[in-house]
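Heads up: the structure comes next, in structure tokens.
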Amino acid sequence: MSYVIADPEMMTAAAGDLAAIGLNVNEAHMAAAAPTIAVIPAAADEVSTGIAHLFSQHAANYQALAGQAAAFNDQFVQTLNSGLAALTYTEANSAVGLSMLFSLLPPGIQNELQTALHDLVSLAELLILGILVGAIVAAFLFLILYGIVVTSGPGILMHPLQFLQAFGL
Numbered sequence: 030m031s032y033v034i035a036d037p038e039m040m041t042a043a044a045g046d047l048a049a050i051g052l053n054v055n056e057a058h059m060a061a062a063a064p065t066i067a068v069i070p071a072a073a074d075e076v077s078t079g080i081a082h083l084f085s086q087h088a089a090n091y092q093a094l095a096g097q098a099a100a101f102n103d104q105f106v107q108t109l110n111s112g113l114a115a116l117t118y119t120e121a122n123s124a125v126g127l128s129m130l131f132s133l134l135p136p137g138i139q140n141e142l143q144t145a146l147h148d149l150v151s152l153a154e155l156l157i158l159g160i161l162v163g164a165i166v167a168a169f170l171f172l173i174l175y176g177i178v179v180t181s182g183p184g185i186l187m188h189p190l191q192f193l194q195a196f197g198l
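Each residue of the sequence shown is one higher than the one before, starting from 30 at the first, in my numbering.
Following this line, the structure appears as structure tokens:
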């Protein structure tokens with residue numbers, strides 16, 4: 030079973046970032062189109078003309094592929110925005126239904142549920158933070174140990190006590 034967490038703010042930011050990236054890449058393609066498609070031969074001979082024509086063909090093929098990639102990017106951004114709209118609509122409708130159901134509960138149970146949900150969210154945040162800190166510490170330890178082993182050669186592996194004493198440890 031897989032779990033997906035969709036955050037509307039993150040999805041909005043991602044769609045905006047993807048659209049901006051697409052615009053920047055398209056601007057770069059357009060700027061490169063004219064000088065690359067019409068390559069001027071280095072000389073007036075047949076070989077130079079053939080090489081220039083070959084490069085121009087490659088540039089034209091690249092521009093065609095770049096156009097397809099731009100179209101895909103545009104479709105992807107549209108799909109992401111459509112999914113975001115559907116998610117927002119669904120969340121709004123779910124919130125209305127749950128708030129109506131929640132309002133039917135006695136106030137004491139409402140307070141207990143709110144406290145339990147708050148505690149659950151806090152616990153989840155702590156667990157995620159702990160996992161992230163653990164991953165960062167593990168990455169730093171790996172880099173430190175890898176750097177020591179690689180730069181020290183087999184010395185640390187053969188004589189770890191002497192190595193640690195050299196650093197006053």
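Built from N, CA and C at the ideal position, the CB exists for glycine as well.
Residue 69, enclosing alpha helix (DSSP H) - first and last residue: Numbered from its first residue, the sequence shown carries residue 69 at position 40. That residue, residue 69, is in no alpha helix (DSSP H); it is neither H nor E in DSSP.
How should residue 150 be labelled, buried or exposed, when 16 other C-beta atoms within 10 angstroms of its C-beta is the threshold for buried? Taking the sequence shown and counting its residues from 1, one reaches residue 150 at position 121. Exposed, since its Cβ has fewer than 16 Cβ neighbours within 10 Å.
Determine, using beta carbons only, whether residue 93 and residue 51 come nearer to each other than 8 Å. Here residue 93 refers to the residue found at position 64 when the sequence shown is read from its first residue. Here residue 51 refers to the residue found at position 22 when the sequence shown is read from its first residue. Residue 51 is positioned such that its CB atom lies no closer than 8 Å to that of residue 93.
Count the other C-beta atoms from every protein chain shown that fall within 10 angstroms of the C-beta of residue 153, then say buried if there are 16 or more, exposed otherwise. As a position in the sequence shown, residue 153 is number 124, starting the count at 1. Label assigned to residue 153: exposed.
Is the number of C-beta pairs between the segment 103-113 and the segment 41-56 that are closer than 8 Å three or more? Result yes; three or more Cβ-Cβ pairs closer than 8 Å.
Determine the DSSP secondary structure at residue 34, reduced to helix, strand or coil. If you number the sequence shown from 1, residue 34 lands on position 5. Coil, per DSSP.
Tell me which same chain residues have a C-beta within less than 6 Å of the C-beta of residue 71, skipping the five on either side of it? Locating residue 71 in the sequence shown gives position 42, counting from the first residue. Short of 6 Å from the beta carbon of residue 71, and not among the five residues preceding or following it, lie these beta carbons of its own chain, in chain order: 77.
Anyone know if the C-beta pair for residue 35 and residue 116 falls short of 8 Å? Your numbering for residue 35 matches position 6 in the sequence shown. Your numbering for residue 116 matches position 87 in the sequence shown. Yes.
For a test of the three-state rule: what should DSSP assign to residue 136, helix, strand or coil? In the sequence shown, counting from the first residue as 1, residue 136 sits at position 107. Annotated three-state conformation of residue 136 is helix, per DSSP.
According to DSSP, simplified to helix, strand and coil, what is residue 46? Within the sequence shown, numbered from 1, the residue matching residue 46 stands at position 17. For residue 46, the three-state secondary structure derived from DSSP is helix.
Give me the Cα-Cα distance between residue 85 and residue 95, rounded to the nearest whole angstrom. Position 56 of the sequence shown holds residue 85. Position 66 of the sequence shown holds residue 95. In a straight line, the C-alpha of residue 85 is about 15 Å away from that of residue 95.
Pick helix, strand or coil for residue 103, following the three-state DSSP scheme. Translated into positions along the sequence shown, residue 103 becomes position 74. DSSP places residue 103 in helix when its eight states are reduced to three.
Near residue 28, which residues of its chain fall below 8 Å by C-beta distance, leaving aside the five closest residues on each side in sequence? An answer regarding residue 28 cannot be provided, because it is not within the stretch 30 to 198 covered by the chain.
Secondary structure of residue 74, DSSP reduced to three states: For the purposes of this step, residue 74 is identified with residue 45 of the sequence shown, where counting begins at 1. In the structure shown, residue 74 adopts coil according to DSSP, grouped into three states.
Just the C-alpha distance for residue 40 and residue 139, rounded to the nearest angstrom, thanks. Numbered from its first residue, the sequence shown carries residue 40 at position 11. Numbered from its first residue, the sequence shown carries residue 139 at position 110. When rounded, the distance between both Cα atoms is 31 Å.
How close, in whole Å, do the beta carbons of residue 68 and residue 81 come, if the pair is a contact with beta carbons under 8 Å? Position 39 of the sequence shown, counted from the start, is the residue given in the question as residue 68. Position 52 of the sequence shown, counted from the start, is the residue given in the question as residue 81. Rounded to the nearest angstrom, the Cβ distance from residue 68 to residue 81 is 4 Å, consistent with a contact under 8 Å.
Below 8 Å on the Cβ atoms is my guess for residue 65 versus residue 88; work out the distance and round it to an integer in Å. By 1-based counting over the sequence shown, the position of residue 65 is 36. By 1-based counting over the sequence shown, the position of residue 88 is 59. That belief holds up - the Cβ atoms of residue 65 and residue 88 are roughly 4 Å apart, short of 8 Å.
How many Å lie between residue 75 and residue 90 at the Cα? Residue mapping note: residue 75 aligns to position 46 of the sequence shown, counting from 1. Residue mapping note: residue 90 aligns to position 61 of the sequence shown, counting from 1. In a straight line, the C-alpha of residue 75 is about 23 Å away from that of residue 90.
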